[in-house]
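Undergrad:
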Amino acid sequence: MKTQTFFGWMFSLAILFSLSLSSCTKEGPAGIAGKDGKDGEDGIDGQDGTATCITCHNNTQSLSVRTMQWENSMHATGGHISHNTGECAVCHTSQGYRGFLNGTYDPLASGAKIASPNPPNCYTCHKIHDTYTTADLELTKSGAIALFNTSESVDFGKGSLCASCHQGRTINPFPVIGGPDVTITSPYYTLHHGTQANLVTGLGLVNIGEGLAINNPHGSITDQCVSCHMAPGTGAESGGHTMKMRNASNGLNTASCIGCHTNASTLNTNVNNLQAQVSGLLEDLRVKLEDKGILAPNGNPKPGTYSPALTGAFLNYKAISEDGSRGVHNPGFTVKLLQNSIAAVND
1 MKTQTFFGWM
11 FSLAILFSLS
21 LSSCTKEGPA
31 GIAGKDGKDG
41 EDGIDGQDGT
51 ATCITCHNNT
61 QSLSVRTMQW
71 ENSMHATGGH
81 ISHNTGECAV
91 CHTSQGYRGF
101 LNGTYDPLAS
111 GAKIASPNPP
121 NCYTCHKIHD
131 TYTTADLELT
141 KSGAIALFNT
151 SESVDFGKGS
161 LCASCHQGRT
171 INPFPVIGGP
181 DVTITSPYYT
191 LHHGTQANLV
201 TGLGLVNIGE
211 GLAINNPHGS
221 ITDQCVSCHM
231 APGTGAESGG
241 HTMKMRNASN
251 GLNTASCIGC
261 HTNASTLNTN
271 VNNLQAQVSG
281 LLEDLRVKLE
291 DKGILAPNGN
301 PKPGTYSPAL
311 TGAFLNYKAI
321 SEDGSRGVHN
331 PGFTVKLLQN
341 SIAAVND
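Set out below in structure tokens:
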């Protein structure tokens, strides 16, 4: 009897032990769901994907207007982007200009060339798509710039960006009045094409004769080139990003002038008279330079050895011709420099 009782207890313990093991390795049925907890704090709203785009690409049509104007500018149509090698590419291509500024394009490197060049455009002058904010409209170049053929630097404000390219290039040898004769070996001996900054400042030219210390009333204009050439104009014909001062009918854009020149009719008369005078002086100088043998009929110099005065007169002729303003950039100085250059050729 005791034996049976002992085995009965052992059997019961075994069953209990197995049940306890089973309960440890197998989950029971899910209980009733509890109440929801309190909501957490809302996170910060995300930014719409187009929020940065509409900083510029909005419904004001201002970007469309600027694009239309640029398409009618010399930057778009006359930038000579085929000149995409060496130093030429710095000002004739957009990539060359930006690359020169940020150090990724070395114009003096062997074989330096811009592939698939773009003409000067929005990206040339503005920091487009750098930050996708209004900071992208900032200019890529600011502050004082050095002028070639001088030890001078000038600060045109916003116009410094323009003047960094629109100035004469290095001349070697540069004529010194009273110095040795100059030997010209290349038919491309010239200050190059964009000499506007030189005429505005009166620097980097060959100052022949006396009376050239003439105050330029346009030299103190805030932001220089930008203030006049980008003033509101006529659609895509003048002003704004066309940078043109005259419309298709040859009418002068006086929007930036009337602050000083209050009578538009008188202003137009004065400008026309000045430009006619300068054109006449240029023609007179051209004929004399051809007669002296330094200027070829195609406008290039003839290789040879010439006096510094004759060489200087030639360079001044080319600089004032290429400036394009016919005296407006610096009226008194331009007229006097031409008169002095003509007198030097006559001597």
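One point on numbering: in the working numbering, the residue at position 274 of the sequence shown is 274, and numbering is uninterrupted.
For each residue, glycine too, the CB sits at the ideal point set by N, CA and C.
As the structure is a prediction and not an experimental result, all values here were calculated from the model.
1. In angstroms, rounded to a whole number, what distance separates the CA positions of S110 and T50?
2. Between which residues of its own chain and I81 is the CB-CB distance below 8 Å, once the five residues before and five after are set aside?
3. I'd like to confirm the pairing. Which residues does DSSP put opposite G209 in its beta bridges?
4. With a threshold of 8 Å on Cβ separation, who are the neighbours of L267 within its own chain once the five nearest residues in sequence on each side are excluded?
5. For a minimum of 4 consecutive residues, which ranges assigned as the alpha helix (DSSP H) are wholly contained in the region 175–243?
6. Please state if the CB of E322 and the CB of G194 are separated by a distance shorter than 9 Å.
7. With a cut-off of 8 Å, do at least 3 Cβ pairs link the region 323–337 to the region 183–191?
8. What three-state label does DSSP hand Y97 in the structure shown?
9. Could you compute how far the alpha carbon of G219 sits from the alpha carbon of S265?
10. Taking DSSP's pairing of strands, which residues face K113 in a bridge?
11. Quick check: the Cα distance between A313 and D291, rounded to an integer number of angstroms?
12. Can you give me the C-alpha to C-alpha distance between L63 and L161, rounded to a whole angstrom?
13. Counting only runs of 4+ residues fully inside the region 106–166, write out the alpha helix (DSSP H) ranges in chain order.
14. In whole angstroms, what separates the C-alpha of I32 from that of K38?
15. Going by DSSP in three states, R246 sits in which element: helix, strand or coil?
16. Do P303 and I184 count as a contact pair if the criterion is CB distance below 9 Å?
17. Can you tell me where the beta strand (DSSP E) with T305 in it begins and where it stops?
TA: In brief:
1. Taking the sequence shown and counting its residues from 1, one reaches residue 110 at position 110. Taking the sequence shown and counting its residues from 1, one reaches residue 50 at position 50. When rounded, the distance between both Cα atoms is 44 Å.
2. The residue labelled residue 81 in the question sits at position 81 within the sequence shown. Correct list, in chain order: H92, T93, P117, N118, P119.
3. Position 209 of the sequence shown holds residue 209. Beta-bridge pairing by DSSP links G209 to no other residue.
4. Reading the sequence shown from its first residue, position 267 is the one you call residue 267. The answer, listed in chain order, is L252, T254, C257, I258, H261.
5. 196–201, 225–229
6. Here residue 194 refers to the residue found at position 194 of the sequence shown. Here residue 322 refers to the residue found at position 322 of the sequence shown. In this structure, E322 lies closer than 9 Å to G194 by Cβ.
7. no
8. To locate residue 97, count along the sequence shown from 1; it is residue 97. In the three-state reduction of the DSSP assignment, Y97 falls in the helix class, which pools H, G and I.
9. For the purposes of this step, residue 219 is identified with residue 219 of the sequence shown, where counting begins at 1. For the purposes of this step, residue 265 is identified with residue 265 of the sequence shown, where counting begins at 1. About 23 Å.
10. As a first step, residue 113 must be located in the sequence shown, where it is residue number 113. K113 pairs with T85.
11. Residue mapping note: residue 313 aligns to position 313 of the sequence shown, counting from 1. Residue mapping note: residue 291 aligns to position 291 of the sequence shown, counting from 1. C-alpha separation (whole angstroms): 13 Å.
12. Residue mapping note: residue 63 aligns to position 63 of the sequence shown, counting from 1. Residue mapping note: residue 161 aligns to position 161 of the sequence shown, counting from 1. L63 and L161: Cα-Cα distance of roughly 21 Å.
13. Every alpha helix (DSSP H) stretch that sits fully inside the region 106–166 and reaches 4 residues is listed by chain position as 122–125, 160–163.
14. Start at 1 with the first residue of the sequence shown, and residue 32 comes out as number 32. Start at 1 with the first residue of the sequence shown, and residue 38 comes out as number 38. So the alpha carbons of these two residues sit roughly 19 Å apart.
15. One-based indexing of the sequence shown puts residue 246 at position 246. Residue state, collapsed to three classes: strand.
16. By 1-based counting over the sequence shown, the position of residue 184 is 184. By 1-based counting over the sequence shown, the position of residue 303 is 303. The Cβ atoms of I184 and P303 sit closer than 9 Å to each other.
17. As a first step, residue 305 is located in the sequence shown; it is residue number 305 there, counting from the start. For T305, the uninterrupted beta strand (DSSP E) run begins and ends at 304–306, by DSSP.
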